[in-house]
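S.K.: Protein chains in written order, with the working numbering: chain A, 15 to 261; chain B, 5 to 648; chain C, 978 to 1351. Cβ coordinates follow ideal geometry from the N, Cα and C atoms, glycine included.
1) Pop quiz: residue 21/A and residue 67/A are said to be a contact at Cβ under 8 Å. What is the actual Cβ separation, rounded to whole angstroms?
2) For residue 1275/C, go through chain B and note every residue whose CB falls closer than 8 Å to its CB, in chain order.
3) To test your reading of the DSSP string, which unbroken beta strand (DSSP E) runs of 3 or more residues are found completely within the segment 1154-1223 of chain C?
4) Figure out for me which residue from 151/A, 123/A, 99/A has the closest Cα to the Cα of residue 1221/C.
5) May I ask which residues mark the beginning and end of the alpha helix (DSSP H) holding residue 149/A?
6) If you drop the 5 nearest sequence neighbours on each side, which residues of the same chain put their C-beta closer than 6 Å to that of residue 178/B?
7) Tell me the DSSP secondary structure of residue 124/B in three-state form.
8) Evaluate the contact criterion for the segment 123-131 of chain A versus the segment 1157-1170 of chain C: three or more CB pairs, one atom per stretch, below 8 Å.
9) What ranges does the alpha helix (DSSP H) occupy inside the segment 212-247 of chain B, keeping only unbroken runs of at least 4 residues that lie completely in it?
10) According to DSSP, simplified to helix, strand and coil, what is residue 271/B?
11) Thinking just about the alpha-carbon of each residue, which of 588/B, 578/B, 623/B, 559/B is nearest to the one in residue 63/B?
12) Whole-angstrom Cβ separation of residue 208/B and residue 332/B, contact assumed at under 8 Å?
13) Taking the alpha-carbon positions, what's the residue 1031/C to residue 1134/C distance?
14) Are residue 1345/C and residue 240/A touching if we call contact CB-CB under 8 Å?
15) Does DSSP put residue 1312/C in a helix, a strand or coil?
16) In the DSSP assignment, find the unbroken alpha helix (DSSP H) run with residue 128/A in it and report its ends.
17) Only counting the same chain, and skipping five residues up and downstream in sequence, which positions put a Cβ closer than 8 Å to that of residue 567/B?
18) Less than 8 Å between C-beta atoms, sequence neighbours within five positions excluded: which residues of the same chain meet that for residue 222/A?
19) At a Cβ threshold of 8 Å, is residue 1269/C touching chain B?
20) Can you give me the C-alpha to C-alpha distance between residue 1137/C and residue 70/A, rounded to a whole angstrom?
21) How many Å lie between residue 23/A and residue 204/B at the Cα?
22) In the DSSP assignment, the beta strand (DSSP E) including residue 30/A goes from what residue to what residue?
23) For residue 1221/C, would you say it is in contact with chain A, using Cβ-to-Cβ distances shorter than 8 Å as the test?
24) For residue 235/B, does the count of other Cβ atoms within 10 angstroms reach 16, so buried, or fall short, so exposed?
25) Here's the rule: buried if 16 or more other CB atoms are within 10 angstroms of the residue's CB, otherwise exposed. What is residue 122/B?
26) Please identify the residue among 605/B, 611/B, 286/B whose C-alpha is closest to the C-alpha of residue 412/B.
27) Taking the beta strand (DSSP E) that residue 192/A falls in, what are its first and last residues?
28) With a CB to CB cut of under 7 Å and the five nearest residues on each side skipped, what residues in its chain are close to residue 2/B?
29) Can you tell me whether DSSP reads residue 1132/C as helix, strand or coil?
30) So which residues on chain D does residue 28/A lean against when the C-beta distance must stay under 8 Å?
31) Starting from residue 71/B, trace the alpha helix (DSSP H) both ways and give me its first and last residue.
32) Does the beta carbon of residue 1266/C sit closer than 8 Å to a beta carbon anywhere in chain B?
33) Taking only the alpha-carbon atoms, compute the straight-line gap between residue 538/B and residue 1245/C and give it to the nearest angstrom.
34) Say whether chain C places a C-beta atom closer than 8 Å to the C-beta of residue 103/A.
35) For the beta strand (DSSP E) that residue 550/B lies in, which residues bound it at each end?
36) If you run the structure through DSSP and keep just helix, strand and coil, what is residue 208/A?
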């Protein structure tokens, strides 16, 4: 199954050094499940960050030589059309650009391919040219979808962790650089309204109004304690256990 | 008859042994080339054997009492006989008396060896051919001794003499025949190993504990198969005498993790030969993971199909207790690191939890993904200048990983307070201090280590200082012993030594912390790796503390379990290493365990339940300063340490 | 008291305008004079089928003729609104009530959901369950065309996020994804690895980041049911089969589960503990001491050195609450603690704290739960 993984412009949150996105590294691990020699595809001026993908399981890396400010959509679409991959994997949102997560969907629209989101596992289907994709759903549920190939699949963070990095294979991996001609079909990304990011705190997870001792029971009987616990679980919508015998 | 034949029996034995060891020699030659000073090695052999090896053997008195007459008798007797053969001394009766004496000594040694094995052998010894070996020794010794005795007193009983000679020949050849795969191999390979040892610097009182840099442009990184080992490493595996001292000292083995250094070395010796995996008669790996057992010079060693399970490899804390105990001078830790290097760098086969710090190193030069510039945040209220490029200081304080950890910060805060009180001119690198790379290197990620080392060496080159001070023995070891290979040679001092200097100089008033019983836990990377066991004790004594020693202390101290990436690899065992060590500390009755390493502090503080308090020596020192400041001036005296 | 069951099929039938042709046509809305461009919402034909306002809350907030509409797509797994769903509804409410207000929030769900009114929904629009996002997107697009909402809000997770993108492609409109700050005039999202941000007037399509916008907490809304004029059904030729596999709490990873029951030093009967976890339908966890002792596998360890949880609820049995352990449950909204020590840190942290021997409470809980299954 000829597979490629789209690699974006991730940077390390602490050092700001270019690096491979963790989600895309997870995508590589999935790709390696169905393809012995998966490749990666990156659009950018250099491969400083994404070269690590070769140490995480890719055997080759295709780089479309594009400025970071150029919208890579048309160049990627053209390359993917030429290469005819069976499977194109990507993270839910590419990193380092506008991070809208729309690119895989745009590519799907241009290439006329089906797209599935949030894969945590992929296996070849029973029939040829099919793929079984497990999608992550809430509360640990999975949706197992059999899809006809070729297709685009995005990967969920709950997919298995990336394969540990190995320096040797990275050194031996193939890097193919592809010039992209014609700025005619490449629109520049809009950078006009950008401003420095301001860190905003997230909402607190702890439920409010939990003053110490507000809900404290000292030495209740075990039965009473059990009833209190189940009542609390049901009242807060954690679980529902149906009618209990001694209510 | 004896005079004619006994020397020739020795010649026959040497021939058989030669043929046998020749088989191994051919194997050794298939290892990787290694630079060896043959002449120097050969010249140094007697001294290495009689001084360095004996020094280790002697730690087990019973073993020394056994080995000196046994090996001495055998070598002397065979030596005499060969000399006799060449010089014609065999006609002289006194000569035979000498030979008889030598064999008598050998008999005594063999008897002692039998005592170690019967009725029950010591737990750390191996069975199998090792168990029957002393009988071959004693048969040869008695038969040859009797023959020599006959020769001493003339040809009295020719029939009996013939019988003893035949017995001597059979026993001798049986002994010599074990030179390839059996117990006698240790003598020949062991002697060879002493000549071609990969770390000749460690003999004659020297020390050589730094890991050697790996050529990152090499075809293959690290060791996959026996053939990837340097040839003199293959010799080392064959030198193993399976005495099990390494196993008895191994903290991972004690905690029930699947590692026994002895088993590992035996496996490696077996792996290079190929064919059927020979039986192993020592203790199995604790909670042994099943492996396929496929061996061969070119077969992968560490894998589910090979001989060594990955969990065995990742259980090691690199504490060097095995190396310290090994009478054959085998370098177990080098071997484990070589194997890890291949697993990490070529296969990416590293425990997932251990990959996290490595990923963080690649991302931001810090194992927990912290911001380097925040390393000094804990010292906000303290006097801790950050040195700029081109700046100058007397003492450069290397903060290390501890600066990001609450427990480590307590130690560092105490240390900085002391230095401020003593008016020591200190500064730190600030954001230019990257992790020293110890963890990356021990986990086999040499590429990351070399990158960090080069960056740190460059940062250190941009400032001027007299010496580096650190409270982290791991950083100390790397900076002092491993950075020279990357162009950085520094005088690095551990805070225990530095504080001992301060106390000795009497520059700070100290009030004795009398009446407090403590025990000192030696950090592996300070004691065994760097031989510094005196200064911390001098310091603790200077603080007036009542010091109790644990059964295992100094260079033979047991590890806390925190080194070599073992905590991140987290291979399950029956218990945890720090729990074992803390129990040993509690046994002394001391109420406080004094530590000198942030890893040790973290590991030992992680022990739950009733236990002694864990204090870094810097914290104790600060207590003594503060106690002095509280007391009336006349009661204060500057404590002095006797000159060492 | 049980609510009358809705019958979407019958409701749809009642709106059939009986047009000729192969496709059935439904008419649900008529233009309302005076409010150009905003189609009004017609109450469902059979009022008896709608969710009844609860009599206990008379201050029900009713928007009869919304000035405009804001769609909020909710996932509500198991028919219950998640915290994130409430935040999406809260954001929709915020946009609907801005300025003159008077707008209506339409919750869009794929199955019936409790508590939508309390969470701020004026109207409820149900798609039939278990349709693939591609199919739902088509139906949603038709609904958007028909009702012209001013905003459509999504949660930046799961099928909602998927749907948001499919709708953006279908409408050829921009999507402001993963918004982390929202007011009626401005929506802000981070870009370039969090180095920069973009602020914009809230566009039509917005997906929200988690824990960014407060849920709605004022007077309950009506949550009047709307019927849908198209029933989505999977017709994508590339999708060959779909199978739903429910999550099994017992085998879930700690990082993924919503409910963890965890054992510490105060638990000695681990067979009973595992049994209890099964009956509570919770994922079993443990403190470090328990894992060190080999009583539970290492993978079950909760805390800074084990797994850091994102579960909604943490039930600690006999765990005193070492700092490292508490770091691991910092993200848990609800904490229940059973411990013999009144002064344990875990008792302090808990929303329900019971000072009692965990070994005694476990059998009592089991008995209660077993009884409940009959």
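M.R.: Let me spell this out:
1) 6 Å
2) 574, 576
3) 1164-1168, 1173-1177, 1182-1185, 1201-1203, 1216-1222
4) 151/A
5) From DSSP, residue 149/A is part of no alpha helix (DSSP H) but of the beta strand (DSSP E) over 144-150.
6) 140
7) coil
8) no
9) 235-243
10) helix
11) 559/B
12) Actually they do not touch by this definition, with Cβ atoms about 17 Å apart.
13) With a pLDDT of only 47 at residue 1031/C, under the threshold of 50, the placement of this residue in the model should not be trusted; the figure read from the coordinates follows. C-alpha separation (whole angstroms): 31 Å.
14) yes
15) strand
16) Run containing residue 128/A: none; DSSP gives neither H nor E here.
17) 321, 322, 323, 446, 478, 528, 529, 603
18) Since pLDDT at residue 222/A reaches only 46, below the 50 mark, its modelled position is unreliable, and the value read off the structure follows with that caveat. The answer is none, since no qualifying residue turns up.
19) yes
20) 30 Å
21) 50 Å
22) Looking at the DSSP string, residue 30/A is not in any beta strand (DSSP E), and its letter there is neither H nor E.
23) yes
24) buried
25) exposed
26) 605/B
27) 188-193
28) Residue 2/B is absent from the structure shown; chain B starts at 5 and stops at 648.
29) strand
30) Any reference to chain D falls outside this structure, whose protein chains are A, B and C.
31) 65-91
32) yes
33) 46 Å
34) no
35) 550-552
36) strand
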